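Residue numbers (the working numbering), protein chains in the order written: chain E, 1 to 276; chain G, 1 to 363.
These notes are about the structure you will find just below.
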Amino acid sequence: MAFAAWAVLIMLFLFFPIVIIMLYAFNPSNVQSWPLSGLSTRWFSSTWHNTEVRQALWLSVRAGLLATAIAMILGTMAAFAVDRFRFFGREAVSLVLVLPIALPGIITGMALNSFISFNSLTFSLLTIVIGHATFCIVTVYNNVLARLRRTQSSLMEASMDLGADGWQTFRFVTLPMIATALVAGGLLAFALSFDEIVVTTFTAGAQNTLPIWVFAHIRNGQQLPQVNVVVLFVILVSLIPVALAQRLTRDTGMLRSGARTPAAGAAPAIGAGSAP
Amino acid sequence: MVSSSGTSVAVPSPRPSTAERAAEGPAVRLNEVRKVYGDVVAVDRLSLEVVAGEFFTMLGPSGSGKTTTLRVIAGFELPDSGTVELHGSDVTRSPPYERPVNTVFQDYALFPHMNVLDNVAYGLRVKGIGKRERRQRASEALEMVRLPGVEGRRPIQLSGGQRQRVALARAIVNRPRVLLLDEPLGALDLKLRQAMQLELKSIQRELSERITFVYVTHDQDAALTMSDRIAVFSDGRLEQVGTPGEIYESPVNEFVAGFVGTSNLIQRDGRCYTVRPEKIRLLGEAEADSADAAGIVREVAYLGSVTRYVVELESGETLVVVRQNLDMSASSAMQQRGRRVRLAWREEDESELDINKQEERNP
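Written as structure tokens, this is what we have:
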């Protein structure tokens, strides 16, 4: 009992402030005070029409999508290499891929910043994307690698045996097998990218992503109502992909496209058919 | 290549003459194939030939190299040395998808995200064959394996026996020259396994004009039931190749004699013989005509249709005798324990073993 009580308290400690912040988005007043004087959505439209916010949102979305795309390609390739082949430095690859998550973002950020400045590159969308990709790859890599390890290797052999070359085997067998893991990894990568602030600070130059815009305006205390609305939005955009990713990798994790309900009399095996 | 195009309907594909087959070479020819994993020699300079159209079984305990040999033929493993020929052409360096062989895997390896029809038609699909012909041929293959009407199901909705049939259909639909089967019946229960053995043999007979079967198993019953010829493997080497009759009745050494069936070893004049348990007659002490040995029944195991007697000879050796329960009841069989008996067998049922070879193997 005591343990359960502690667990509840800790959960409250972690999540209650977030709920409060989300409530502030509906604050009708432009002064933050508790309790709220009412509930209103008046700041939503003013935030939506704020061009700074729009530009920041657009930059965040583009950076997130591009970083995710890079992560999905490189992460999948790395997972394949580690799963399929035995080569010198194989263990090191895992470490190197996971490292950007373990390393403080400020170190990654500083390193990238000095690299960019040293080579006289201009800060742009590209530099943000590169910064984000460093820590996005690992989510895809981990998800895909876990799936590959659970997949019978004989499936790929069977495909080759039946006359499919490497590319056909990837398209018809491997990709469908890893599809949900790949998408889940991608969603997590996007969520990571969308609310990242430390590395972005060092790689964005004068550009504002949404989290950087929030950070700046919290500090100078201007436009707090709009900041609250943006914060609510960032929370949702980060939360939804994570929840989706969890759903995708639950159960067998296999894509159920076109799966019909089992015919009468055919008992589905354990672990199958439990998903909607 | 034997023509088997889908357009010709009435004309049966002509059976290649013996001369044609000889010119083409054997269905499979392994020449001094060697495969090493780290310190383990999985296959040690192995040579064998599989005749086109036969049911050839590679029999041996686990770790004897039979599965590795199969994987070398399929192209999943590259031999460290030696060559692989299929119908006279060297495929040692060819990838699996360029070899005219198909495999039925031990775990079936059915694609879980495809239904049965798509599974069976997969090989045709990747070769770019049109949808209608694919459906047609896949359905025919499913009929061939006696499993029509499940085209729309997923592998997970099938029983073990049905999956096994789908795996077989998926392989034969491609009309391979050689069909490789890796313990395909291993996961089935005894009754189903025995039924499938007979069915597999009859399917092979129907297809033997076109397809050579190479079957890997550790199950001696399966090997004896289905094979035209058996190769007995041990420690990455071939111990003996021959028909089921030759392997069973004239094993060349103790390993073959012991692995295939129960063997009785008899030492006499510095030579080693084996006699199969069912070839020995069990006689009462009085009915001594030309008995070969005398002894005492130590153990009796009543097995329904037969009874197994373990007889300790006066010379100290132990022989197993199996006798049909023709006019022997369970209780009278059990009473045989402790009785003095005489044993007799025909000289032609003795098979001399190569002792030297055995000693060289097991220092």
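In this text, a Cβ means the ideal position worked out from N, Cα and C, and glycines have one as well.
As the structure is a prediction and not an experimental result, all values here were calculated from the model.
Nearest-angstrom beta carbon gap, Ser60/E and Thr203/E [assumed within contact, 8 Å]: Walking along the first sequence from the start, residue 203/E turns up at place 203. Walking along the first sequence from the start, residue 60/E turns up at place 60. In fact, because the Cβ distance is near 13 Å, the residues do not count as touching under 8 Å.
8 Å Cβ cutoff met for Pro100/E and Val138/E: Your numbering for residue 100/E matches position 100 in the first sequence. Your numbering for residue 138/E matches position 138 in the first sequence. Result yes, Cβ atoms of Pro100/E and Val138/E sit closer than 8 Å.
Any idea what DSSP makes of Asp44/G, helix, strand or coil? Indexing the second sequence from 1 puts residue 44/G at position 44. Three-state DSSP puts Asp44/G in a strand.
Residue ranges of each alpha helix (DSSP H) within the segment 127–176 of chain E, 4 or longer: 153–161, 166–169
The alpha helix (DSSP H) with Asp366/G in it runs from where to where? It is not possible to answer for residue 366/G, since the shown part of chain G is limited to 1 through 363.
Chain-ordered neighbours of Leu308/E on chain G, where CB pairs are closer than 8 Å: Here chain E comprises residues numbered 1 to 276, so residue 308/E is not present and cannot be evaluated.
Is the segment 184–192 of chain E close to the segment 55–72 of chain E, with three or more CB pairs under 8 Å? yes
If we count the other Cβ atoms within 10 Å of its Cβ and call it buried at 16 or more, is Gly60/G buried or exposed? Mapped onto the second sequence, residue 60/G falls at position 60. With 16 or more Cβ atoms within 10 Å of its Cβ, Gly60/G is classed as buried.
Compare the C-beta of His87/G against all C-beta atoms of chain E and say whether one is closer than 8 Å. Here residue 87/G refers to the residue found at position 87 when the second sequence is read from its first residue. No, His87/G does not count as interfacial toward chain E.
Here's a check: name, in chain order, each residue in its chain whose Cβ is nearer than 6 Å to the Cβ of Met254/E, leaving out the five neighbours to either side. One-based indexing of the first sequence puts residue 254/E at position 254. Note that Met254/E scores 48 on pLDDT, short of 50, meaning its location in the model is unreliable; the coordinates nonetheless yield the value given after this. Result list for Met254/E: empty, nothing under 6 Å.
Residues in the segment 113–139 of chain G with C-beta within 8 Å of chain E's C-beta atoms, listed in sequence order? His113, Tyr122, Gly123, Arg125, Val126, Lys127
Could you check whether the Cβ of Met11/E sits closer than 8 Å to any Cβ belonging to chain G? Position 11 of the first sequence, counted from the first residue, corresponds to residue 11/E. No - not a single Cβ of chain G is within 8 Å of the one on Met11/E.
Out of curiosity, what's the CA-to-CA distance linking Asp44/G and Gly38/G? Within the second sequence, residue 44/G is the residue found at index 44, counting from 1. Within the second sequence, residue 38/G is the residue found at index 38, counting from 1. If you take the alpha carbons of Asp44/G and Gly38/G, they lie about 14 Å apart.
Grab me the residues of Trp293/E's own chain with a C-beta within less than 8 Å of its C-beta, minus the 5 sequence neighbours each way, in chain order. Past the boundaries of the shown model lies residue 293/E; chain E is included only from 1 to 276, so the question cannot be answered.
Are Val216/G and Asp182/G close, meaning C-beta to C-beta below 8 Å? Counting from one through the second sequence, the residue named residue 216/G turns up at place 216. Counting from one through the second sequence, the residue named residue 182/G turns up at place 182. Going by C-beta atoms, Val216/G is nearer than 8 Å to Asp182/G.
Once you ignore the five residues that flank Thr201/E on each side, which residues in its own chain have a CB closer than 7 Å to its CB? As a working mapping, residue 201/E is identified with position 201 in the first sequence. Once the five neighbours on either side are set aside, the close Cβ partners of Thr201/E are Gly109, Ile212.
Limits of the alpha helix (DSSP H) - the one that Tyr122/G falls within: Numbered from 1 along the second sequence, position 122 holds the residue referred to as residue 122/G. Per DSSP, Tyr122/G belongs to the alpha helix (DSSP H) from 116–126.
Is it buried or exposed, Thr122/E, if we count other Cβ atoms within 10 angstroms and call 16 or more buried? What you label residue 122/E is simply residue 122 of the first sequence in a count that begins at 1. Thr122/E is exposed by the Cβ-count criterion.
Tell whether a beta-carbon distance below 8 Å holds between Gly185/E and Val140/E. Here the question's residue 185/E lines up with position 185 in the first sequence. Here the question's residue 140/E lines up with position 140 in the first sequence. Closer than 8 Å, so yes.
Using C-beta distances below 6 Å, list every residue in its chain close to Ala121/G, excluding the 5 sequence neighbours before and after it, in chain order. By 1-based counting over the second sequence, the position of residue 121/G is 121. For Ala121/G, where only same-chain residues beyond five positions count, the Cβ hits under 6 Å are Arg134, Ala138.
Mind checking which residues open and close the beta strand (DSSP E) that includes Thr103/G? Here residue 103/G refers to the residue found at position 103 of the second sequence. Unbroken beta strand (DSSP E) run through Thr103/G: 101–104.
Under 7 Å Cβ-Cβ, which residues of chain G neighbour Ser154/E? As a first step, residue 154/E must be located in the first sequence, where it is residue number 154. Residues of chain G passing the Cβ test: Phe105, Asp107, Ala109.
Give me, in chain order, the residues of the same chain whose beta-carbon lies closer than 6 Å to that of Phe44/E; leave out the 5 immediate sequence neighbours on both sides. What you label residue 44/E is simply residue 44 of the first sequence in a count that begins at 1. Excluding sequence neighbours, Phe44/E sits near Val229.
Residue range of the unbroken alpha helix (DSSP H) whose run includes Tyr273/G: By one-based count along the second sequence, residue 273/G stands at place 273. Tyr273/G -> not in any alpha helix (DSSP H); beta strand (DSSP E) instead, spanning 271–275.
I need the straight-line Cα distance from Cys136/E to Gln226/E, nearest angstrom please. In the first sequence, residue 136/E corresponds to position 136, counting from 1. In the first sequence, residue 226/E corresponds to position 226, counting from 1. Those two C-alpha atoms are separated by around 29 Å.
Between which two residues does the alpha helix (DSSP H) carrying Glu314/G extend? Walking along the second sequence from the start, residue 314/G turns up at place 314. It is not in any alpha helix (DSSP H) - Glu314/G carries neither H nor E in the DSSP assignment.
With contact counted as at least three CB pairs below 8 Å, one residue from each stretch, are the segment 163–176 of chain E and the segment 233–242 of chain E in contact? no
Rank Ala102/E, Leu244/E, Ala81/E by C-alpha distance to the C-alpha of Arg149/E and give the top, closest one. Working through the first sequence from its first residue, we reach residue 149/E at position 149. The option with the nearest alpha carbon to Arg149/E is Ala81/E.
Residues that Lys191/G bridges to, as DSSP identifies them: Indexing the second sequence from 1 puts residue 191/G at position 191. DSSP output for Lys191/G lists no bridge partner at all.
Run of the alpha helix (DSSP H) containing Val229/E, from where it starts to where it stops: Sequence index remark: in the first sequence, residue 229/E carries index 229 (1-based). Residues 224–249.
Note down, in chain order, every chain G residue with its Cβ under 7 Å from the Cβ of Asp161/E. Here residue 161/E refers to the residue found at position 161 when the first sequence is read from its first residue. In chain order: Ala74, Pro96, Asn102, Thr103.
Between Glu317/G and Ile230/G, what straight-line distance do the alpha-carbon atoms span, to the nearest angstrom? Here residue 317/G refers to the residue found at position 317 of the second sequence. Here residue 230/G refers to the residue found at position 230 of the second sequence. Taking the straight line from one Cα to the other gives about 30 Å.
For Arg29/G, which residues does DSSP report across the bridge? By one-based count along the second sequence, residue 29/G stands at place 29. Answer by DSSP bridge pairing, in chain order: Glu49/G, Glu85/G.
Residues of chain A with CB under 8 Å from Asn174/G, in chain order? Reference to chain A is not applicable here, since the protein chains of this structure are E and G.
Considering only the alpha carbon of each residue, which of Gly63/G, Ala109/G, Arg146/G, Arg34/G lies closest to Ile73/G? Along the second sequence, read from residue 1 onward, the residue named residue 73/G stands at position 73. Closest option to Ile73/G, Cα to Cα, is Arg34/G.
Whole angstroms are fine: how far does the CA of Asn325/G sit from the CA of Thr274/G? The residue you call residue 274/G lines up with position 274 of the second sequence. The residue you call residue 325/G lines up with position 325 of the second sequence. Cα to Cα, the separation comes out at about 23 Å.
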